[in-house]
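Colleague: Number 146 in the numbering used here belongs to position 75 of the sequence shown; there are no gaps in the numbering.
Backbone N, C-alpha and C define an ideal beta-carbon position, used for all residues, glycine too.
My structure is below; once you've seen it, I'll send some questions.
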Amino acid sequence: MIAPALILAAAGVFALLGTGHLVLLYTTSLLHPSDEAVRKQLDEATVPLSDATTMRRLWVGFNASHAVGAILFGGVFGYLALVRIEFLLGSPFLLVLGAIYIAAMLTLSGRYWFRTPSTGIAAAGCLYLAGIVTSTLG
Numbered sequence: 072m073i074a075p076a077l078i079l080a081a082a083g084v085f086a087l088l089g090t091g092h093l094v095l096l097y098t099t100s101l102l103h104p105s106d107e108a109v110r111k112q113l114d115e116a117t118v119p120l121s122d123a124t125t126m127r128r129l130w131v132g133f134n135a136s137h138a139v140g141a142i143l144f145g146g147v148f149g150y151l152a153l154v155r156i157e158f159l160l161g162s163p164f165l166l167v168l169g170a171i172y173i174a175a176m177l178t179l180s181g182r183y184w185f186r187t188p189s190t191g192i193a194a195a196g197c198l199y200l201a202g203i204v205t206s207t208l209g
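Written out as structure tokens, the structure is:
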């Protein structure tokens, strides 16, 4: 059956994107402002909601949690594709939830991010949908 392989590949793309995001966030300056003055402002600026953190800390936290979400999606759907494919394909709730997550991430990437994540998410979405369609055809 090709459906599990397609869904596993989609999950793998998300796990890879999330892992790459974490690595870039914590080991390089590629996801941080290149302008020193902007970095300094982010280190000093707070938000009206709470002065217990800074914009820089929020930036890192949002990026990290975003990456962990992609890794979690990849892990859960990858596991289901490998070990519990009948359960996954028999659950309209999970299939729709997965599609909504991918659509939301694609929308966000198209609006706020850059080409690499958008391309990866679009490819994962095609793989995921192909897996679902393939499973319904036979």
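Apply the 10 Å Cβ neighbour rule to residue 73 and answer buried if 16 or more other Cβ atoms are within range, or exposed otherwise.
Modeller: The residue given as residue 73 occupies position 2 in the sequence shown. By the 10 Å Cβ count, residue 73 comes out exposed.
Colleague: Looking only at C-alpha atoms, which of 83, 175, 192 sits nearest to residue 147?
Modeller: Reading the sequence shown from its first residue, position 76 is the one you call residue 147. Minimum Cα distance to residue 147 is reached at 83.
Colleague: So residue 130 and residue 113 are in contact, right, with Cβ under 8 Å, and what is the actual spacing, rounded?
Modeller: Taking the first residue of the sequence shown as position 1, residue 130 is located at position 59. Taking the first residue of the sequence shown as position 1, residue 113 is located at position 42. Indeed, because the Cβ distance is near 7 Å, the residues count as touching under 8 Å.
Colleague: For residue 121, which three-state DSSP category applies?
Modeller: In the sequence shown, the residue the question calls residue 121 occupies position 50. Residue 121 falls in the strand class under three-state DSSP.
Colleague: Hey, would you say residue 200 sits closer than 9 Å to residue 149, going by beta carbons?
Modeller: By 1-based counting over the sequence shown, the position of residue 200 is 129. By 1-based counting over the sequence shown, the position of residue 149 is 78. Result no, Cβ atoms of residue 200 and residue 149 do not sit closer than 9 Å.
Colleague: Can you name the start and end residues of the alpha helix (DSSP H) that residue 182 belongs to?
Modeller: On the sequence shown, position 111 is the one that residue 182 refers to. From DSSP, the alpha helix (DSSP H) with residue 182 extends over 163-183.
Colleague: Ends of the alpha helix (DSSP H) at residue 75?
Modeller: For this step, residue 75 is matched to residue 4 along the sequence shown. Following the DSSP letters along the chain, one finds residue 75 inside the alpha helix (DSSP H) bounded by residues 74-98.
Colleague: Assuming residue 141 contacts residue 92 (C-beta within less than 8 Å), just tell me the rounded distance between them.
Modeller: To locate residue 141, count along the sequence shown from 1; it is residue 70. To locate residue 92, count along the sequence shown from 1; it is residue 21. With 8 Å as the limit, residue 141 and residue 92 qualify as a contact, their Cβ atoms being about 7 Å apart.
Colleague: Can you give me the C-alpha to C-alpha distance between residue 157 and residue 204, rounded to a whole angstrom?
Modeller: Against the sequence shown, residue 157 aligns to sequence position 86. Against the sequence shown, residue 204 aligns to sequence position 133. Their Cα atoms are separated by approximately 14 Å.
Colleague: Terminal residues of the continuous alpha helix (DSSP H) containing residue 104?
Modeller: Residue numbering aside, residue 104 sits at position 33 when the sequence shown is read from its first letter. Element bounds for residue 104: n/a, residue is neither H nor E.
Colleague: Per the contact definition of three or more C-beta pairs closer than 8 Å, is the segment 107-125 in contact with the segment 181-199?
Modeller: no
Colleague: By DSSP, does residue 155 sit in helix, in strand, or in coil?
Modeller: Position 84 of the sequence shown, counted from the first residue, corresponds to residue 155. Residue 155: coil per DSSP, three-state reduction.
Colleague: With 16 as the cutoff for other CB atoms within 10 Å, does residue 192 come out buried or exposed?
Modeller: Reading the sequence shown from its first residue, position 121 is the one you call residue 192. By the neighbour-count rule (16 or more Cβ atoms within 10 Å), residue 192 is buried.
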